[in-house]
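Single-structure report; data block below.
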Amino acid sequence: MLKHLSIAFILIILSLNVCAQKVEIIQSTSIFEKAPFEACHASTLVDLGKGKIMAAWFGG
Numbered sequence: 001m002l003k004h005l006s007i008a009f010i011l012i013i014l015s016l017n018v019c020a021q022k023v024e025i026i027q028s029t030s031i032f033e034k035a036p037f038e039a040c041h042a043s044t045l046v047d048l049g050k051g052k053i054m055a056a057w058f059g060g
């Protein structure tokens, strides 16, 4: 029982740390002026380091 309470306590503390992270918009732009597809979904951004970001999505 004590083991389960310890694990629960640690998870609660870790979740509070995640909620405290600050988010900052660095730049907001459009990738396409007019996209070559009707709609897109499942978009994602990946930080490649050295100031580079890769964008990916499904278009259809």
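Heads up: the sequence shown is residues 1 to 60, going by the UniProt record's numbering. Ideal Cβ positions, reconstructed from N, Cα and C, are used throughout, including at glycine. Everything numeric in this text was worked out from a predicted model, so none of it was measured.
Query raised in the report: Taking the continuous beta strand (DSSP E) assigned at Gly-49, which residues delimit it?
Result: Position 49 of the sequence shown, counted from the first residue, corresponds to residue 49. It spans 40–49 - the beta strand (DSSP E) in which Gly-49 sits, taken as one unbroken run.
Query raised in the report: Is the Cβ-Cβ distance between Phe-32 and Ala-42 less than 9 Å?
Result: Taking the sequence shown and counting its residues from 1, one reaches residue 32 at position 32. Taking the sequence shown and counting its residues from 1, one reaches residue 42 at position 42. No.
Query raised in the report: Which residue's Cα is closest to the Cα of Ala-39: Phe-9, Leu-5, Gly-60 and Leu-2?
Result: Counting from one through the sequence shown, the residue named residue 39 turns up at place 39. Nearest option by C-alpha distance: Gly-60.
Query - Range of the contiguous beta strand (DSSP E) that encloses Ala-37 - result: In the sequence shown, the residue the question calls residue 37 occupies position 37. Looking at the sequence provided, one finds Phe at residue 37 rather than Ala. Run containing Phe-37: none; DSSP gives neither H nor E here.
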